[in-house]
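Chemist: Residue numbers (our numbering): 10 to 508.
Just dropping this structure here.
In structure tokens:
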């Protein structure tokens with residue numbers, strides 16, 4: 010056993026102390042045990058010493074897991090363990106984290122209410138995708154190119170786009186820390202970075218995606234391969250998976266199944282294809298009113314529904330997948346299933362920098378009031394889209410309704426008024442049951458049906474050609490030319506009435 014003495018005064022961890030600790034970790038034989046009275050100085054030194062080798066969210070997650078809150082040294086960790094400049098590199102009236110459907114829409118809606126407001130959007134991406142279109146790409150209806158535009162071309166005029174990845178938040182200092190230790194200050198913050206797709210959680214998946222019949226409509230580059238597989242398949246077994254909730258667009262896994270089944274039905278191949286739907290949950294769809302219509306198509310395509318089946322491993326070259334079958338009150342059983350093609354919906358979580366932050370609830374989602382979408386603890390922070398914890402469906406249609414609510418409430422806050430708009434949990438899932446027909450599911454909190462159209466025009470509980478026209482022809486331009494430009498067509502925020 011060797012010992013190394015690195016004396017630290019309480020609350021005074023200098024850059025030279027970090028260098029000495031890093032040298033001790035490098036030079037001493039492992040495992041290395043660090044000791045101080047409470048463990049805080051040891052945890053702080055370890056975090057700062059790892060700053061060049063580990064991502065900031067990983068460091069914060071590791072220390073948080075053993076009971077240490079290192080929010081006070083976030084900037085130092087982001088700065089490679091060295092003491093940074095205290096002042097922000099830039100400050101804006103409103104900072105929006107995420108330039109997806111939610112982020113750009115709320116920026117545009119804010120500007121329509123407060124022209125000239127100093128807004129910045131932070132996002133590392135060069136391309137913005139219309140993700141609701143990827144299911145249609147996987148069915149040969151859209152091309153992938155129709156679902157993508159240059160990010161810079163979509164940012165509202167007058168809004169600053171900061172191209173970078175968020176590493177952490179400092180809500181007490183009204184600051185966002187980017188990778189590389191760029192510090193962006195704010196008066197008000199909107200958090201909407203979307204979900205993280207955890208492909209790596211399923212062993213064997215990453216290395217075989219796009220090959221050996223393994224695909225997913227949840228990725229821009231893989232949706233075209235989905236359509237290629239459907240066209241080529243003449244016989245065999247096709248598997249469609251759905252992981253545990255929450256996921257974005259909970260209907261998307263079965264949309265892929267229905268559209269594939271329809272293509273095989275039209276080509277005459279369906280009689281020779283075994284369709285298996287592997288759902289980690291216990292129901293086909295969470296709002297029971299839509300299930301009867303969906304079951305008609307399950308029967309039409311002779312699909313087998315396997316509930317409580319969760320994909321846990323895959324071997325693409327061998328064309329084998331393994332599922333944990335875990336029905337309630339029964340032992341978990343590992344099931345091996347052969348396939349000829351498999352559409353995988355990946356497990357999904359909040360991004361790491363959200364889960365380890367002071368903004369997250371115990372489950373890792375941004376903690377908001379489900380009506381006003383304001384953070385429950387930090388009153389100058391709002392969140393919308395897939396990353397917040399309101400119990401609504403995670404869909405682009407939900408973000409379309411949430412953006413005006415957040416914009417209205419931020420505008421009211423700027424004027425010194427209380428929240429004046431609320432969100433009813435609206436979400437929409439156009440369930441593409443066949444090419445040319447859609448079951449248009451629209452619902453809010455508690456599964457309450459919230460149809461946008463008279464029943465005589467579109468009965469959402471039944472397959473509709475008009476709903477298909479809406480999905481194929483109307484919604485894409487509404488997205489690009491309306492929602493992202495602050496035009497709140499059929500999305501005007503509901504105003505809170507004084508009691």
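Glycine is no exception: its CB is placed at the ideal position from the N, C-alpha and C atoms.
How about residue 97 and residue 184: are their beta carbons less than 8 Å apart?
Modeler: Result yes, Cβ atoms of residue 97 and residue 184 sit closer than 8 Å.
Chemist: Taking Cβ positions, are residue 287 and residue 318 nearer each other than 8 Å?
Modeler: Going by C-beta atoms, residue 287 is nearer than 8 Å to residue 318.
Chemist: In chain order, what residues of the same chain lie with their CB nearer than 8 Å to the CB of residue 329, ignoring the 5 residues before and after it?
Modeler: Around residue 329: 323, 345, 346, 347, 348.
Chemist: Taking Cβ to Cβ, would you say residue 191 is nearer than 8 Å to residue 173?
Modeler: Yes; because the gap between Cβ atoms is below 8 Å, this pair is in contact.
Chemist: Which same chain residues, not among the five before or five after residue 141, have their C-beta less than 6 Å away from its C-beta?
Modeler: Answer for residue 141: 405, listed in chain order.
Chemist: Could you pull the DSSP bridge partners for residue 493 from this structure?
Modeler: Partner(s): none; residue 493 has no beta bridge.
Chemist: What residue ranges within the region 222–268 form continuous alpha helix (DSSP H) runs of no fewer than 4 residues, ordered along the chain?
Modeler: Listed in chain order, they are 232–241.
Chemist: Alpha carbons only, please: which of 74, 75, 69 is nearest the one belonging to residue 81?
Modeler: The candidate whose alpha carbon is nearest that of residue 81 is 69.
Chemist: Using three-state DSSP, classify residue 394 as helix, strand or coil.
Modeler: In this structure, residue 394 counts as helix in the three-state DSSP scheme.
Chemist: Beta strand (DSSP E) containing residue 173: first to last residue?
Modeler: That residue, residue 173, is in no beta strand (DSSP E); it is neither H nor E in DSSP.
Chemist: Does the contact criterion of 3 or more C-beta pairs under 8 Å hold for the region 359–375 versus the region 257–269?
Modeler: Flag = no, the region 359–375 and the region 257–269 do not touch.
Chemist: Is the separation between the beta-carbon of residue 242 and that of residue 284 shorter than 8 Å?
Modeler: It is not a contact, given that the beta carbons lie outside the stated cut-off.
Chemist: Go through the region 29–80 residue by residue and report every complete run of the alpha helix (DSSP H) that reaches 4 residues or more, in order.
Modeler: Counting whole runs of 4 or more residues, the region 29–80 contains the alpha helix (DSSP H) stretches 49–58, 65–74.
Chemist: Have a look at the DSSP bridge pairing and note the partners of residue 4.
Modeler: Nothing can be reported for residue 4: it is not among the residues displayed for the chain, which extend from 10 to 508.
Chemist: Distance, Cα to Cα, residue 175 vs residue 467?
Modeler: About 42 Å.
Chemist: Could you check if residue 118 is buried or exposed, using at least 16 other CB atoms within 10 Å of its CB as the buried criterion?
Modeler: Answer is buried; the Cβ neighbour count reaches 16.
Chemist: So what does residue 158 bridge to, in DSSP terms?
Modeler: Residue 158 pairs with 137.
Chemist: What residue does the beta strand (DSSP E) around residue 439 start on, and which one ends it?
Modeler: Start and end: 436–443.
Chemist: Note down the Cα distance separating residue 202 from residue 493, rounded to an integer number of angstroms.
Modeler: Approximately 16 Å between the Cα atoms of the pair.
Chemist: Is residue 379 helix, strand or coil when you go by DSSP?
Modeler: Coil at residue 379, not helix or strand.
Chemist: Would you mind sorting residue 480 into buried or exposed? The rule is 16 or more other CB atoms within 10 Å of its CB.
Modeler: It is buried - the Cβ of residue 480 has at least 16 other Cβ atoms within 10 Å.
Chemist: Work out the CA separation of residue 179 and residue 363 for me, nearest whole Å.
Modeler: C-alpha separation (whole angstroms): 12 Å.
Chemist: Is the region 467–476 close to the region 294–312, with three or more CB pairs under 8 Å?
Modeler: With a cut-off of 8 Å, the region 294–312 and the region 467–476 count as touching, because enough Cβ pairs lie within range.
Chemist: Taking three-plus beta-carbon pairs below 8 Å as touching, is the region 482–497 in contact with the region 99–119?
Modeler: Segments in contact, yes.
Chemist: Suppose you measure from the CA of residue 4 to the CA of residue 35; what does that come to, to the nearest Å?
Modeler: Because the chain here runs from 10 to 508, residue 4 falls outside it and cannot be looked at.
Chemist: Going by DSSP, what residue range makes up the beta strand (DSSP E) through residue 197?
Modeler: It spans 192–200 - the beta strand (DSSP E) in which residue 197 sits, taken as one unbroken run.
Chemist: How long is the line joining the alpha carbons of residue 234 and residue 105, rounded to whole angstroms?
Modeler: Straight-line Cα distance between these residues: approximately 34 Å.
Chemist: Please report the Cβ distance between residue 352 and residue 250, rounded to the nearest whole angstrom; I am assuming they are in contact, meaning their Cβ atoms lie under 8 Å.
Modeler: That belief holds up - the Cβ atoms of residue 352 and residue 250 are roughly 7 Å apart, short of 8 Å.
Chemist: Would you call the CB atoms of residue 130 and residue 147 closer than 8 Å?
Modeler: Their beta carbons are not under 8 Å apart, which means residue 130 does not touch residue 147 by this criterion.
Chemist: Beta-carbon separation of residue 257 and residue 204 under 8 Å?
Modeler: In contact: residue 257 and residue 204 (Cβ atoms closer than 8 Å).
Chemist: Three-state secondary structure (DSSP) at residue 506?
Modeler: It is coil, neither helix nor strand.
Chemist: Could you tell me the boundaries of the beta strand (DSSP E) in which residue 462 lies?
Modeler: No beta strand (DSSP E) contains residue 462, which DSSP labels as neither H nor E.
Chemist: Report all residues from its chain with a CB closer than 6 Å to the CB of residue 134; omit the five preceding and five following residues, and keep chain order.
Modeler: Taken in chain order, the residues that qualify are 160.
Chemist: Please state if the CB of residue 384 and the CB of residue 433 are separated by a distance shorter than 8 Å.
Modeler: In this structure, residue 384 does not lie closer than 8 Å to residue 433 by Cβ.
Chemist: Anyone know if the C-beta pair for residue 401 and residue 445 falls short of 8 Å?
Modeler: No, Cβ-Cβ distance for residue 401 and residue 445 is not below 8 Å.
Chemist: What's the gap between the Cα of residue 169 and the Cα of residue 86?
Modeler: Taking the straight line joining both Cα atoms gives about 26 Å.
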